[in-house]
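Have a look at the structure below before the remarks.
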Ligand SMILES: NC(=O)c1ccc[n+]([C@@H]2O[C@H](COP(=O)([O-])OP(=O)(O)OC[C@H]3O[C@@H](n4cnc5c(N)ncnc54)[C@H](O)[C@@H]3O)[C@@H](O)[C@H]2O)c1
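In the numbering used here, the protein residues as written are 142 to 500.
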């Protein structure tokens, strides 16, 4: 049993992190929950206790919580701009950390988090839960077994709608200090999947961002990029929160010399095309859409992370893996700012984008 705590009991904390603790109750003991808004932490504690008949303690100060309780690992589900501070505070107190995406908003902060976990012998995991979607796992097996032959290019698109009500729910959204724009918030998952399938080693990024239709936020509502990989493959990324009048889909398409796969649905949860020699369909072609774009991947992701902590192996998505998509999105921002392609490695922070759209 791993003694666990959740810091940040907002939308994702209360919906997906509590659910992941409930469904993994055979290996996770949720000792405490924390939110600066006490009623949110209380609500999370009650949802958990209704299912598991044990009530986690409620805190509004995570340092106090970590000093008072016997906790081995924490999940950090606060707003993105706080991940670095909260995660490093926890690691300095010798806690293993599972951090929501994006793990931080600058290359410097991500590198410091990765180094701190290594130096202190702790596990750092990142919530890219879509890697656990059943169709994505099937695709990955084909990539690993060489089923595509050479992969030429891949395309990832996120075509969703985020309106004024969405941004009104939380003032941190759509700010360079705490969030980033649609690429950093809505498109990190699919960017991660694209990079994972194309070999993980980005060489150069050429990007463009726009704020077409959200004059009440500071960040982009559209982004596009050409991503060149060290192995010669090319990735094309398209992300928008402007789709009229509701979410359309999130898609990943892979084109290789011996195979073509398109995974779509609301959130890359459904195989649309599966074409290899002697294989023209796949049983996962008609999977239902999940209830929300968050999908159901937090449950297996938590299980993997907890097993990593208890056995000493690395989590499936560790800090180095979690950094790749964020760094690529930072490269798109830097490329838009400078008007030039960005070669890896480089340093950048969302803070350098402040005022880009004169907001
Ligand atoms: N993996 C996913 O699919 C997914 C989906 C949604 C959100 N997220 C990420 O999760 C994070 C939270 O998003 P959200 O939509 O739940 O936001 P939210 O605003 O609903 O929740 C954040 C919560 O953190 C609390 N908080 C702030 N500072 C705190 C502190 N010092 N200590 C304790 N609690 C604190 C806030 O009071 C709030 O309740 C973001 O980084 C977001 O990008 C990930």
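Note that CB positions come from ideal geometry on N, CA and C, so glycine has one too.
Reference residue i, options the options, closest by Cα
i           : options            : result
residue 446 : 162, 294, 234      : 162
residue 327 : 292, 358, 228, 363 : 363
residue 330 : 256, 209, 268, 282 : 268
residue 179 : 215, 201, 349      : 201
residue 341 : 242, 228, 369      : 369
residue 324 : 491, 427, 487, 218 : 491
residue 480 : 416, 316, 218, 347 : 347
residue 335 : 211, 395, 389, 412 : 395
residue 379 : 366, 390, 387, 196 : 366
residue 337 : 285, 227, 314, 399 : 285
residue 471 : 317, 213, 154      : 317
residue 144 : 424, 299, 421, 198 : 198
residue 473 : 424, 376, 411      : 376
residue 258 : 461, 332, 427, 354 : 461
residue 245 : 482, 469, 307      : 469
residue 294 : 187, 393, 248, 421 : 393
Close Cβ partners of residue i (< 6 Å) along its chain, the five nearest in sequence each way excluded
i           : result
residue 498 : 352
residue 500 : 359
residue 350 : 361, 364, 477
residue 210 : 172, 173
residue 423 : 412, 415
Check: residue i C-beta below 7 Å from any heavy atom of ligand 1
i           : result
residue 362 : no
residue 213 : no
residue 296 : no
residue 326 : yes
residue 162 : no
residue 179 : no
residue 116 : An answer regarding residue 116 cannot be provided, because it is not within the stretch 142 to 500 covered by the chain.
residue 279 : no
residue 152 : yes
residue 187 : no
residue 242 : yes
residue 332 : no
residue 365 : no
residue 358 : no
residue 311 : yes
residue 460 : no
residue 426 : no
residue 463 : no
Beta-bridge pairing of residue i - partner residues as DSSP gives them
i           : result
residue 416 : 401
residue 430 : Bridge partners of residue 430: none, in fact.
residue 333 : Looking at the DSSP assignment, residue 333 forms no beta bridge with any residue, so it has no partner.
residue 407 : Answer is none; residue 407 lacks a bridge partner.
residue 490 : 247
residue 268 : According to DSSP, which records beta bridges pairwise, residue 268 is partnered with nothing at all.
residue 300 : 381, 390
residue 375 : 294, 369
residue 364 : 350, 380
residue 214 : 145, 237
residue 169 : 143
residue 159 : Residue 159 is not bridged to any residue.
Cβ neighbours of residue i in the same chain (closer than 8 Å, five flanking residues each side left out)
i           : result
residue 344 : 369, 370, 371, 484, 485
residue 448 : 168, 454
Close beta carbons around residue i, own chain, < 7 Å, minus the five adjacent residues each side
i           : result
residue 382 : 301, 302, 303, 323, 327, 362
residue 192 : 163
residue 407 : 388, 390, 391, 430, 431, 434
residue 414 : 401, 402, 403
Quiz item: If we count Cβ pairs, one from each stretch, closer than 8 Å, do we get three or more for the region 278 to 293 versus the region 175 to 192?
Solution: no
Quiz prompt | Contact the region 148 to 160 vs the region 208 to 225: 3+ CB pairs below 8 Å | solution = yes
Practice problem: May I ask you to verify whether the region 249 to 259 touches the region 267 to 287, counting CB pairs closer than 8 Å and requiring at least 3? | Solution: Touching, no.
Exercise. Decide if the region 436 to 453 is in contact with the region 256 to 266; the criterion is three or more beta carbon pairs, one per stretch, under 8 Å apart.
Key: yes
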